[in-house]
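Peer 1:
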Amino acid sequence: MIHLVLGGARSGKSRFAEQRVAEYAAIGYSCVYVATATALDHEMTQRIAKHQQDRVSSAHNWTLHEQAFDVAQTLTAIDKPQQVILVDCLTLLLTNHLLDPNPGRWPEQKVALLECLTQLHSDVILVSNEVGSGIVPMGELNRRFVDEAGWLNQAIASIADQVTLVVAGLPLALKQ
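Quick note: the sequence shown uses this note's numbering, first residue 279, plus one each step.
(1) So, does the region 298 to 312 touch the region 428 to 438, judging by three or more C-beta pairs under 8 Å?
(2) Counting Cβ pairs, one atom from each stretch, are 3 or more of them under 8 Å apart for the region 375 to 392 and the region 322 to 334?
(3) Pick helix, strand or coil for alanine 438, following the three-state DSSP scheme.
(4) Can you name, in chain order, every residue of its own chain whose Cβ lies under 7 Å from the Cβ of lysine 453, other than the five neighbours on each side?
(5) I'd like to know if the region 386 to 400 and the region 344 to 354 are in contact, where contact means that at least 3 CB-CB pairs between them fall below 8 Å.
(6) Leucine 405 and lysine 291: beta carbons closer than 7 Å?
(7) Counting C-beta neighbours from all protein chains within 10 Å, is the total for glycine 274 16 or more, i.e. buried, or is it exposed?
(8) Roughly how many angstroms separate the alpha carbons of valine 414 and arginine 422, rounded to a whole number?
(9) Using the C-alpha atoms, what's the distance from glycine 417 back to leucine 342?
(10) Please state if the CB of valine 283 and the CB of alanine 300 are separated by a distance shorter than 7 Å.
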């Protein structure tokens, strides 16, 4: 099962996704967290530390994999039945790739991710920002980010079994 959870900044999408993981934990699934964030500044370091503390204090025992680039390879390597994997988040993964000095890496990793998702035995919940609801941003890199994020979300949504949009902490099922 592939479940894509979309939402804007501070929409509650990660909390919603973690609640879905808790439902799996309640029926005996192992829980894996694939974190894609990189600490490029002090504020992001603090955010990552808060997420880490939140996972430690949660009721279920997470296995953590921090992976800023090669998420498909990580998913394939850790795949097994009776497991749920939370990937948080795809737009941070995209950011890492857009800032990577090797521009050819992102298209390869995107294809690898899309291909591996449909082959996994694990259930996967993917969190991503919905960034296309605002104005067209200024700057080439910003516009490329919005374009790539939109295309990635569309591609994942097309293969996902479920897609949920979270707004103001409220989930709206887009695909069930």
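The beta-carbon is built from N, C-alpha and C at its ideal position, and this holds for glycine as well.
Peer 2: Let's see:
(1) As far as the Cβ criterion goes, the region 298 to 312 does not touch the region 428 to 438, which means the pair count is below three.
(2) Because the criterion of three Cβ pairs below 8 Å is not met, the region 375 to 392 and the region 322 to 334 do not touch.
(3) DSSP places alanine 438 in coil when its eight states are reduced to three.
(4) Cβ neighbours of lysine 453 beyond the five flanking positions: Ala435, Ala438, Gln440, Val441.
(5) Flag = yes, the region 386 to 400 and the region 344 to 354 touch.
(6) The amino acid occupying residue 405 in the given sequence is valine; leucine does not appear at that position. Result yes, Cβ atoms of valine 405 and lysine 291 sit closer than 7 Å.
(7) Here the chain covers residues 279 to 454 and nothing more, so residue 274 does not appear.
(8) One C-alpha to the other measures close to 10 Å.
(9) For leucine 342 and glycine 417, the gap between their C-alpha atoms comes out near 35 Å.
(10) By the CB criterion at 7 Å, alanine 300 and valine 283 fall outside the cutoff.
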